[in-house]
Amino acid sequence: MADYQAPLRDMRFVLNEVFDAPSLWASLPKVAENVDPETADAILEEAGKICGGVLAPLNREGDEQGSSWNDGEVTAPEGFKEAYQTIVEGGWNGLGGNPEFGGMGMPKTLVAQFEEMMQGANMAFGLAPMLTAGACLAMDAHASQELKEKYLPNMYSGVWSGAMDLTEPHAGTDLGIIRTKAEPNGDGSFNVTGTKIFITWGEHDMAENIIHLVLAKLPDAPKGPKGISLFLVPKFLVNDDGSLGERNTLSCGSIEKKMGIKASATCVMNFDGAKGWLVGEENKGLAAMFTMMNYERLGVGIQGIGAAEASLQSAREYAMERIQSRAPTGAQQPEKAADPILVHPDVRRMLLTMKSYVEGGRAFSTYVAQWLDIAKYADDDERREHAEGMVALLTPVAKAFLTDRGLETCIAGQQVFGGHGFIREWGQEQLVRDCRITQIYEGTNGIQALDLMGRKVVASQGKLYELFAQDLAAFIEVNSGDEALRPFLEPLAAAFERLSDVTDFVINQAGDNPDVVGAASVDYLDLFGLTALGYMWAKIAKTAAPKAADDASGFYSGKVKTARFYFDRLLPKTVSLAEAIRSGSDSMMALTADEF
1 MADYQAPLRD MRFVLNEVFD APSLWASLPK VAENVDPETA DAILEEAGKI CGGVLAPLNR
61 EGDEQGSSWN DGEVTAPEGF KEAYQTIVEG GWNGLGGNPE FGGMGMPKTL VAQFEEMMQG
121 ANMAFGLAPM LTAGACLAMD AHASQELKEK YLPNMYSGVW SGAMDLTEPH AGTDLGIIRT
181 KAEPNGDGSF NVTGTKIFIT WGEHDMAENI IHLVLAKLPD APKGPKGISL FLVPKFLVND
241 DGSLGERNTL SCGSIEKKMG IKASATCVMN FDGAKGWLVG EENKGLAAMF TMMNYERLGV
301 GIQGIGAAEA SLQSAREYAM ERIQSRAPTG AQQPEKAADP ILVHPDVRRM LLTMKSYVEG
361 GRAFSTYVAQ WLDIAKYADD DERREHAEGM VALLTPVAKA FLTDRGLETC IAGQQVFGGH
421 GFIREWGQEQ LVRDCRITQI YEGTNGIQAL DLMGRKVVAS QGKLYELFAQ DLAAFIEVNS
481 GDEALRPFLE PLAAAFERLS DVTDFVINQA GDNPDVVGAA SVDYLDLFGL TALGYMWAKI
541 AKTAAPKAAD DASGFYSGKV KTARFYFDRL LPKTVSLAEA IRSGSDSMMA LTADEF
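Numbering (UniProt numbering), first residue to last: 1 to 596.
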């Protein structure tokens with residue numbers, strides 16, 4: 001199996017050439033004071049060394065060993081604690097954090113590249129810094145100044161880690177029915193009591209303290225989602241001088257035995273009157289949590305890209321080295337007993353599909369990250385509000401489409417290996433198992449599709465969709481005279497028209513038939529995602545085409561040829577998806593329960 005290497009060349013291409021991120025950063029004063037092109041490049045280079053040299057070598061053994069639970073204490077796999085200290089010492093935990101409390105203040109467009117490296121190298125490990133960064137984000141946006149000063153510096157440094165405690169045994173997606181309670185103590189603190197499940201890295205031995213953000217209900221809180229509050233509940237109480245005090249009354253009851261990401265501890269957390277503090281306003285905990293989840297959902301999409309990149313690297317090397325049969329056009333390497341399997345059209349189909357989704361997905365995640373940066377840092381209210389609308393629309397697409405394609409890519413990589421892909425030593429079966437969770441946590445992909453179709457598109461009567469539509473239409477219009485782009489713009493425009501037509505269809509049908517939204521949602525998200533990646537590949541082709549002829553490395557010509565494959569072989573799937581959506585909901589809802 002190929003050793004994971006951070007795809008720095010492609011990341012630099014996407015950041016600097018396709019999106020010109022340095023110009024964006026320069027337009028955002030709060031970003032410009034923290035990063036310049038040289039700093040960004042140094043960060044990418046060092047991150048690649050750490051992820052490839054420290055995290056990736058722990059991936060397989062961590063999966064085989066797993067985290068272990070003993071009487072409430074959780075021990076991470078061998079090497080994880082030391083690797084965590086490497087991350088801490090380098091300041092990587094606070095890469096995107098608020099500089100006021102010790103963070104580095106880097107833009108999401110840059111942080112996203114580091115996240116992809118970390119997730120591609122070792123997803124189970126990468127979840128720990130990812131969740132800490134998300135918890136910090138929610139606290140920075142909603143916690144009191146006192147709580148931020150007390151907790152954020154040690155969380156940004158990584159000395160303390162963070163965990164997100166939402167799910168309960170009876171309440172997953174429907175958080176409105178959670179039972180965890182918070183009783184006020186009269187001194188500003190609360191006693192939190194309840195059980196949470198599926199808490200990633202909720203207990204471990206890598207950090208000195210673990211700061212839990214827990215959803216709970218106050219006495220007499222309104223029923224449903226409007227009665228949820230968010231509380232900060234530390235594993236160890238923190239004294240006024242910042243030192244650690246006594247252990248709080250919370251514990252890990254067990255850890256789950258899982259299909260994948262086995263090295264990470266997925267905990268059952270029991271809170272028995274544990275002392276906590278309110279984050280944000282009473283009964284507005286979901287709003288505070290979703291500040292974090294918008295970033296986390298993009299982060300999960302990036303996990304899908306990371307796993308897919310690792311699979312592609314391994315499959316590509318195997319296809320170049322494994323010899324089987326002769327090419328259909330005759331022997332390509334007659335001095336050998338057979339040709340490398342790369343000569344066979346079906347192997348090329350798999351590899352090009354993988355390459356299309358990985359590199360197009362990387363561009364799309366960077367595109368979404370740009371809107372996150374503008375939404376967070378822009379001084380102009382109109383520009384910021386526009387970006388917030390784009391983030392709301394694109395987040396479910398980034399989470400669901402990129403993870404669906406991530407698993408598809410990992411399975412294709414496994415298939416390239418044939419029987420060897422089913423064997424542990426080659427690593428592909430672990431990538432398939434690890435990537436599978438990305439479609440499930442942080443809101444299942446079916447929920448993401450409902451969010452996109454119902455809450456974002458239909459509920460806004462298409463106004464949020466129009467933000468993306470205007471951006472794509474402007475790109476097509478500006479480049480309409482570029483003959484080199486015509487092979488890409490024409491099919492992109494056709495897919496865009498399909499997407500707009502079915503958007504109007506569902507909006508018009510939804511008022512008369514409440515099942516239409518749910519029946520259309522998954523296909524609609526796929527149609528949206530394929531069109532969005534078509535947009536990304538058109539931007540990539542526009543950037544690469546002028547440089548392809550003089551590029552001895554083949555990097556730019558490879559981009560143009562991969563773009564052509566995407567438009568020839570993958571974007572046409574939008575036709576069948578549009579037809580499926582237009583069929584409505586009747587056949588889906590016709591069967592009685594007994595007929596299933």
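The C-beta atom is built at its ideal place from N, Cα and C for all residues, glycine as well.
Remember, it's a predicted structure, so these values are computed and weren't measured experimentally.
Using only alpha-carbon positions, find the residue among the options that is nearest to residue i.
{"i": "ILE197", "options": "THR167, ASP187, LYS181, LEU467", "result": "THR167"}
{"i": "VAL221", "options": "VAL238, ALA32, THR180", "result": "Looking at the sequence shown, residue 221 is not Val but Ala. Of the listed residues, the one whose Cα sits closest to ALA221 is THR180."}
{"i": "ARG60", "options": "GLN303, ALA310, LYS463, SER557", "result": "ALA310"}
{"i": "LEU175", "options": "SER68, LYS284, PHE114", "result": "LYS284"}
{"i": "ARG405", "options": "TYR377, CYS435, GLN428", "result": "CYS435"}
{"i": "ILE305", "options": "GLY188, ALA83, SER365, ILE177", "result": "SER365"}
{"i": "LEU127", "options": "ALA327, GLU408, ILE178, MET206", "result": "MET206"}
{"i": "MET117", "options": "VAL343, ALA369, MET155, GLU45", "result": "GLU45"}
{"i": "LEU24", "options": "LEU372, GLY554, TYR535", "result": "LEU372"}
{"i": "ALA47", "options": "GLU382, THR86, THR75, GLY66", "result": "THR86"}
{"i": "LEU564", "options": "GLU490, LEU278, ILE581", "result": "Per the sequence shown, residue 564 should be read as Arg rather than Leu. The shortest C-alpha separation from ARG564 is found at GLU490."}
{"i": "GLU203", "options": "LEU218, LEU237, SER161, ALA171", "result": "SER161"}
{"i": "PHE290", "options": "ALA327, SER521, PRO396, MET106", "result": "PRO396"}
{"i": "ALA400", "options": "GLU296, GLY421, ASP41", "result": "GLU296"}
{"i": "MET269", "options": "GLY260, ASN445, SER460, THR193", "result": "THR193"}
{"i": "GLU256", "options": "VAL516, LYS275, TRP201", "result": "TRP201"}
{"i": "LEU152", "options": "VAL214, GLY276, GLY97, ILE581", "result": "GLY97"}
{"i": "GLY52", "options": "THR543, GLY120, ARG9", "result": "GLY120"}
{"i": "PHE13", "options": "ARG582, VAL347, ALA171, GLY360", "result": "GLY360"}
{"i": "THR173", "options": "PRO129, PRO225, LYS150, ASP187", "result": "PRO225"}
{"i": "ILE43", "options": "LYS336, MET104, GLU100", "result": "MET104"}
{"i": "ASP586", "options": "LYS49, GLU382, ALA520, ALA494", "result": "ALA520"}
State buried or exposed for residue i, treating a residue as buried only when at least 16 other CB atoms are found within 10 Å of its CB.
{"i": "LEU591", "result": "exposed"}
{"i": "MET292", "result": "buried"}
{"i": "GLU442", "result": "buried"}
{"i": "residue 597", "result": "With the chain covering 1 to 596 only, the question about residue 597 has no answer from this structure."}
{"i": "HIS142", "result": "buried"}
{"i": "ASP526", "result": "buried"}
{"i": "GLU321", "result": "exposed"}
{"i": "residue 600", "result": "Because the chain spans 1 through 596 in this model, residue 600 falls outside it and cannot be assessed."}
{"i": "SER480", "result": "exposed"}
Residue i bridges to which residues according to DSSP?
{"i": "ILE581", "result": "According to DSSP, which records beta bridges pairwise, ILE581 is partnered with nothing at all."}
{"i": "ASN191", "result": "GLU183, LYS275"}
{"i": "HIS212", "result": "ALA163, VAL233"}
{"i": "GLU78", "result": "For GLU78, which the question treats as bridged, DSSP gives no partner whatsoever."}
{"i": "ASN70", "result": "GLU73"}
{"i": "THR353", "result": "In the DSSP output, where bridge partners are listed per residue, THR353 has none listed."}
{"i": "SER251", "result": "ASN270"}
{"i": "LEU244", "result": "VAL238"}
{"i": "GLU168", "result": "ALA171"}
{"i": "THR200", "result": "THR266"}
{"i": "PRO328", "result": "In DSSP, PRO328 forms no bridge with anything."}
Could you tell me the distance, in whole angstroms, from the CA atom of residue i to the CA atom of residue j?
{"i": "LYS262", "j": "ILE210", "result": "20 Å"}
{"i": "LYS463", "j": "VAL300", "result": "26 Å"}
{"i": "LEU95", "j": "THR329", "result": "51 Å"}
{"i": "ALA138", "j": "PHE567", "result": "40 Å"}
{"i": "THR503", "j": "VAL458", "result": "8 Å"}
{"i": "ASN70", "j": "ALA182", "result": "28 Å"}
{"i": "ALA469", "j": "THR531", "result": "11 Å"}
{"i": "PHE505", "j": "ASN34", "result": "46 Å"}
{"i": "VAL31", "j": "GLN145", "result": "22 Å"}
{"i": "LEU577", "j": "ASN445", "result": "17 Å"}
{"i": "ASP63", "j": "ALA76", "result": "11 Å"}
{"i": "CYS252", "j": "PRO29", "result": "44 Å"}
{"i": "SER27", "j": "SER68", "result": "48 Å"}
{"i": "TYR4", "j": "LEU58", "result": "11 Å"}
{"i": "ALA112", "j": "ALA369", "result": "7 Å"}
{"i": "PHE125", "j": "LYS49", "result": "16 Å"}
{"i": "ILE440", "j": "VAL522", "result": "14 Å"}
In its own chain, which residues sit with a C-beta less than 7 Å from the C-beta of residue i, not counting the 5 before and 5 after it?
{"i": "residue 598", "result": "The structure shown has nothing for residue 598, since the chain only spans 1 to 596."}
{"i": "ARG326", "result": "ALA338, ASP339"}
{"i": "PRO219", "result": "GLU183"}
{"i": "MET589", "result": "ASP515"}
{"i": "SER356", "result": "THR562, PHE565, TYR566, LEU570"}
Within the same chain, show all residues whose beta-carbon is closer than 8 Å to that of residue i, passing over the 5 residues directly before and after it, in chain order.
{"i": "LEU237", "result": "LEU244, GLY245, GLU246, ARG247, ASN248, LYS275"}
{"i": "LYS150", "result": "VAL238, GLY242"}
{"i": "LEU312", "result": "LEU351, MET354, LYS355, VAL358, THR409, GLY413"}
Within a Cβ cutoff of 6 Å, which residues of the same chain sit near residue i, ignoring the five residues on either side of it in sequence?
{"i": "ARG433", "result": "MET259, GLY260"}
{"i": "ASN154", "result": "TRP160"}
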